[in-house]
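>
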Amino acid sequence: MVTAETGMTTHAIAIVHEEAGVYGIAFPDFPGCIAAGDDLDDVLRRGAAALAAYIDSLLEDGEPVPTPRSLDRLKADPVFRDDAEGGMIVALPVDLSGNKIVPLDVALDEKLIAAVDRAAERAGLSRSDFLAAAAKAKLGA
1293 MVTAETGMTT
1303 HAIAIVHEEA
1313 GVYGIAFPDF
1323 PGCIAAGDDL
1333 DDVLRRGAAA
1343 LAAYIDSLLE
1353 DGEPVPTPRS
1363 LDRLKADPVF
1373 RDDAEGGMIV
1383 ALPVDLSGNK
1393 IVPLDVALDE
1403 KLIAAVDRAA
1413 ERAGLSRSDF
1423 LAAAAKAKLG
1433 A
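Using our numbering, you'd call the opening residue of the sequence shown number 1293 and step up by one each time.
Following this line, the structure appears as structure tokens:
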């Protein structure tokens, strides 16, 4: 297990399936962490956001974060092999550093907020996640 005190950045293995033009993603080491999207890029963005929210929730509740298994270990798991049948295996970066999220009040022009919300929705992100990503990009982080 990884906790906020022993955090690290690594990769989480995910399984992507497509059915009738809809893509779904699931993370075997993070039970119940799933997302859906209209195309592969969309489902990967939404999957990354869902995984970040899942981990944040665990950390906020003081729960340990599961350590992602290697692909070799997952391939040895018969449940994983069954779940992965007909799907695509992907590795997404995951930040297990346990950096604390701090609430922030800001005042912005309502048209800017509307534009941010539209862009965040297209990216499959919350407003907060979108603004954080924009700030990181601007800062080169």
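We treat Cβ as the ideally placed atom computed from N, Cα and C, and that holds for glycine.
1. Measure the C-alpha to C-alpha separation of leucine 1351 and aspartate 1321 and round it to an integer number of angstroms.
2. Quick check: the Cα distance between alanine 1425 and arginine 1337, rounded to an integer number of angstroms?
3. For isoleucine 1317, is the classification buried or exposed, using 16 other Cβ atoms within 10 angstroms of its Cβ as the cut-off for buried?
4. Is the separation between the beta-carbon of histidine 1309 and that of glycine 1378 shorter than 8 Å?
5. Per the DSSP calculation, leucine 1384 is bridged to which residue(s)?
6. Nearest by alpha-carbon distance to aspartate 1387: which of Ala1342, Gly1313, Pro1323, Val1314 is it?
7. Threonine 1298: buried (16+ other C-beta within 10 angstroms of its C-beta) or exposed?
8. Give the straight-line distance between the Cα atoms of leucine 1384 and aspartate 1409, rounded to the nearest whole angstrom.
9. For leucine 1396 and serine 1362, what's the separation of their Cα atoms in angstroms?
10. Along the beta strand (DSSP E) that carries alanine 1318, what are the first and last residues, could you check?
Answer, in terms of the structure:
1. 16 Å
2. 12 Å
3. buried
4. yes
5. Ala1304
6. Ala1342
7. At threonine 1298, the pLDDT of 41 sits below 50, so the modelled position is not reliable; the number obtained from the coordinates is stated separately. Result: exposed.
8. 24 Å
9. 36 Å
10. 1314-1318
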